[in-house]
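A quick write-up on the structure given underneath.
Chains as they are written, first to last, in our numbering: chain A, 2 to 254; chain B, 822 to 940.
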């Protein structure tokens, strides 16, 4: 590996396999320093009359492919999600999204309780919607649409960051975001504003259940598509921005 | 590198032990570490030199080593040094290694045999 270009191709290969570019820069720089030391040692030997072959010097750093594999596997072994990509990016996303739903609901309940304690009623349930202050209407709509999108967006963004930190490539990012998108796209929501006091409701179901059972299911292709495509779009954007994206490398080469 | 390919499984963990030991004596950079291993083991242990870097980075990620770019002999290098946690890990690993070596030697060079279950 006496050819300096092999370090550059190694760098490209490491980034392609999903390692962070900052780490790749560091390891390639250290290998370049090491290679320089080997060459200096060989030069010193030849200058003093000894024999040292440049080809043998080049081999000392090791086979580039084996070195790349060693660097990649060692980096990925650092973290749990790096060692277990199937669990992290295929199995775990859906349960995590469900837990996020629960988290958002609990947060809204806590905020409502806190508002009641300090005298700011978020949702005046004893009044019809036409008499609600603007603040309360905004709170309700924020909660409703936040519940619809926040958990899946948060989980998708987290998966993108985890993949980058784990040294896992764009395929795992897309796999994780696809799982989130499939689940998010199958969840249905129904919000009924209280035309009369006590008649408002927010219903959450899966694949139309239980709304179909009680005859209030209204399928909106646009809404379901946005819910499902959103996480996948996040994954695609993260893939595009990652240095390892082959399409981006081809277009910007 | 050929010796790396033929490295037996029981040598897993040996490079880490050697690196911690060498760095406990003095801070070194990658090339120095490889040379020190080669000289200290009289070239018995000789592996692809580039492979030392993922090991160093893993030890650093586990906070057993710390690194800093410094000027050594007029050139900029990343120099590694062992941390307190690394020193503790080294002591533990050396004790384990000595126990294992003693036990294996006991088997290889003969020792007391257990009574056979069936005569």
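Think of the CB as a built atom: it goes at the ideal place given N, C-alpha and C, for glycine as much as any other residue.
No experiment lies behind these values; they were computed from the predicted model shown.
task: Could you confirm whether any beta carbon from chain A is found closer than 8 Å to the beta carbon of residue 824 of chain B?
output: Bear in mind that a pLDDT of 42 at residue 824 of chain B, under 50, signals an unreliable position, so the model cannot answer this.
Interface partners of residue 899 of chain B on chain A, CB under 7 Å: Within chain A, the residues near residue 899 of chain B are 31.
message: On the DSSP letters alone, give me the boundaries of the beta strand (DSSP E) that residue 132 of chain A sits inside.
response: In the DSSP annotation of this structure, residue 132 of chain A is not part of any beta strand (DSSP E), being labelled neither H nor E.
Under the three-state DSSP convention, the category residue 205 of chain A falls into: Three-state DSSP puts residue 205 of chain A in a strand.
- request: Please classify residue 924 of chain B: is it buried, with 16 or more other beta-carbons within 10 angstroms of its beta-carbon, or exposed?
  value: With fewer than 16 other beta carbons inside 10 angstroms of its own, residue 924 of chain B counts as exposed.
query: At which residues does the alpha helix (DSSP H) containing residue 189 of chain A begin and terminate?
result: Where residue 189 of chain A is concerned, there is no enclosing alpha helix (DSSP H), although the beta strand (DSSP E) it sits in stretches over 188-193.
message: Check for me: the alpha helix (DSSP H) holding residue 32 of chain A runs from which residue to which?
response: Unbroken alpha helix (DSSP H) run through residue 32 of chain A: 22-48.
- prompt: Looking only at its own chain, which residues have a Cβ that is under 8 Å from the Cβ of residue 138 of chain A, when we skip the five neighbours before and after it?
  reply: Same-chain partners within the cutoff: 130.
query: Should residue 901 of chain B and residue 31 of chain A be called a contact, given that it needs their Cβ atoms to be closer than 8 Å?
result: Cβ atoms of residue 901 of chain B and residue 31 of chain A: not closer than 8 Å.
field: Separation of residue 194 of chain A from residue 127 of chain A, as counted between CA atoms
entry: Looking at the two C-alpha atoms, the distance is approximately 13 Å.
query: When we look at the beta-carbon of residue 189 of chain A and count the other beta-carbons within 10 Å, is it buried (16 or more) or exposed?
result: Taking all protein chains in view, the Cβ of residue 189 of chain A is crowded by 16 or more other Cβ atoms within 10 Å, so the residue is classified as buried.
For residue 133 of chain A and residue 151 of chain A, the rounded distance between their alpha carbons: C-alpha separation (whole angstroms): 25 Å.
message: For a contact defined as C-beta to C-beta under 7 Å, what are the partners of residue 71 of chain A on chain B?
response: Ordered by position in chain B, the residues that pass the 7 Å Cβ test against residue 71 of chain A are 872, 875.
- request: Confirm, please, whether the CB-CB distance from residue 83 of chain A to residue 169 of chain A is below 8 Å.
  value: Cβ atoms of residue 169 of chain A and residue 83 of chain A: closer than 8 Å.
query: Hey, out of A/144, A/177, A/149, whose CA is closest to residue 159 of chain A's CA?
result: Comparing Cα positions, the closest option is A/177.
query: Using a C-beta cutoff of 8 Å, does residue 882 of chain B count as contacting chain A?
result: Chain A contact via Cβ: present.
- request: Sort out for me which residues DSSP pairs residue 849 of chain B with in a bridge.
  value: DSSP lists B/901 as the bridge partner or partners of residue 849 of chain B.
message: I want to verify the contact list: residues of chain A whose CB lies under 9 Å from the CB of residue 927 of chain B, in sequence order.
response: What residue 927 of chain B touches in chain A: nothing, since even the nearest Cβ is about 33 Å away.
Closer than 8 Å to chain B by CB, residue 163 of chain A: For residue 163 of chain A, no CB of chain B lies under 8 Å from its own CB, so it is not counted at the interface with that chain.
query: Would you say residue 895 of chain B faces chain A, with C-beta separation under 8 Å as the test?
result: So, not an interface residue.
task: With residue 91 of chain A as the anchor, note down where its alpha helix (DSSP H) starts and where it stops.
output: According to the DSSP assignment, residue 91 of chain A belongs to no alpha helix (DSSP H), since it is labelled neither H nor E.
query: What separation, rounded to the nearest whole angstrom, lies between the Cα atoms of residue 117 of chain A and residue 109 of chain A?
result: Using only the alpha carbons, I get a separation of about 12 Å.
- request: Could you check the C-alpha separation between residue 164 of chain A and residue 927 of chain B for me, to the nearest Å?
  value: Whole-angstrom Cα-Cα distance: 47 Å.
- prompt: Which residues, taken in chain order from the segment 837-864 of chain B, show a beta carbon closer than 7 Å to some beta carbon of chain A?
  reply: Within the segment 837-864 of chain B, the qualifying residues are 851, 852.
task: Starting from residue 889 of chain B, follow the beta strand (DSSP E) in both directions and report where the run begins and ends.
output: If you look at residue 889 of chain B, you'll find it in the beta strand (DSSP E) that goes 886-893.
- request: Per DSSP, which residues does residue 896 of chain B bridge with? Please list them.
  value: Answer by DSSP bridge pairing, in chain order: B/893.
- request: Give me the Cα-Cα distance between residue 103 of chain A and residue 184 of chain A, rounded to the nearest whole angstrom.
  value: Approximately 15 Å, taken between the alpha carbons.
- request: Give a yes or no on whether the minimum CB-CB distance between residue 878 of chain B and chain A is below 8 Å.
  value: Residue 878 of chain B has a beta carbon lying within less than 8 Å of a beta carbon in chain A.
query: Hey, how far is the Cα of residue 198 of chain A from the Cα of residue 24 of chain A?
result: Between the C-alpha atoms of residue 198 of chain A and residue 24 of chain A there is a straight-line separation of about 59 Å.
- prompt: Out of curiosity, what's the CA-to-CA distance linking residue 2 of chain A and residue 35 of chain A?
  reply: Interpretation of residue 2 of chain A is limited by its pLDDT of 42, a score under 50 that renders its predicted location unreliable; the figure taken from the coordinates is listed afterwards. Roughly 12 Å separates the two Cα atoms.
task: Count the C-beta pairs between the segment 896-910 of chain B and the segment 843-850 of chain B that are closer than 8 Å, then say yes if the count reaches three, no if not.
output: Yes, the segment 896-910 of chain B touches the segment 843-850 of chain B.
message: Given the structure, does residue 840 of chain B come close to the ligand MG, in the sense that its CB is under 7 Å from one of the ligand's heavy atoms?
response: The ligand MG is absent from the structure shown, which contains no ligand whatsoever.
message: I'd like to check one pair, residue 90 of chain A with residue 173 of chain A: are the Cβ atoms closer than 8 Å?
response: The answer is yes: Cβ separation under 8 Å.
task: Under 9 Å between beta-carbons, which chain B residues line up against residue 138 of chain A? List them in chain order, please.
output: Correct list: empty, because the minimum Cβ distance to chain B is about 50 Å.
Three-state secondary structure (DSSP) of residue 927 of chain B: It is helical.
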